[in-house]
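In UniProt numbering, the protein residues as written are 1 to 276. Input: a single structure, listed below in structure tokens.
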């Protein structure tokens, strides 16, 4: 299993980037880059974990990553506290008074993040000395197909990502709100942060399954096909065969889906949605 400290920090940075905050764009970009660096380091750890028991040098290398991750956690927590302080409702005079302090603090945080990123780069570069591979870069076409199949099922769990307890509770609470309005709940962050794993935890939560009597999970992916997506959802809602669904035109599929969902309390998860 990839180090849980790394996974936690990736989750924490993802939480910050999901928040709708007006913040200095330069620092925000640095936080995004730090998260990307940590995702890359986690890929290295997947290989190192398998070999550190046999090589003291690799154990030391893993310890360096863990120490850097703890430092990243400290920086992220400071960043979070600054976000909370400077984005609270304040009067115009107070905002103007605190503005110089805001600039100074964000500059310091930015420098700390940049220093940590250089440190992570040095650690990453040293992996070549030990022959550590980035397993995340070795996905073949076959591997991509396996990932697509894994994503298409809400019941397969990702063993490399842990945590998400607090945000899971928050999302479950959002879904369990007692009102009759339809709503869209989005989980947004950069690749590798664990969005699919988080969605699976929420989807399979006992209280969520009790609340919704009609559930479907579909992987959209970059090769989006509207008719294929409609068929995938409908097939999970009733016992129509593939042959029946293949014969239906797009409008028929839409009408059928509307009928299947009408007067029902339903949850439909669209995983791996792309901007384009």
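Glycine residues also receive a C-beta, built at the ideal position from the N, C-alpha and C atoms. Quantities reported herein were computed from a predicted structural model and do not represent experimental measurements.
In the three-state reduction of the DSSP assignment, residue 224 falls in the coil class, being assigned neither a helical nor a strand state. When the alpha-carbon of residue 267 is set against those of 251, 204, 227, the nearest one is in 204.
Assigned with DSSP and collapsed to three states, residue 215 falls in strand. For residue 260, the enclosing alpha helix (DSSP H) covers residues 250 to 261. Residue 122 has its alpha-carbon roughly 46 Å from the corresponding atom of residue 228. Residue 271 carries a strand assignment under DSSP once its states are collapsed to helix, strand and coil. In summary, residue 274 is exposed, with fewer than 16 beta-carbon neighbours lying within 10 Å of its beta-carbon over all protein chains present. Our two residues, residue 234 and residue 214, have alpha carbons roughly 11 Å apart in a direct line. For residue 170, the uninterrupted alpha helix (DSSP H) run begins and ends at 165 to 175, by DSSP.
The C-beta distance from residue 249 to residue 230 rounds to 10 Å, too long to fall under 8 Å, and the pair is not in contact. Residue nearest to residue 29 within the set 166, 114, 211 is 114 (criterion: CA-CA distance).
Comparing alpha carbon positions, the residue from 40, 201, 271 closest to residue 232 is 271.
In chain order, 117, 120 place their CB closer than 7 Å to the CB of residue 37, counting only its own chain and leaving out the 5 sequence neighbours on each side.
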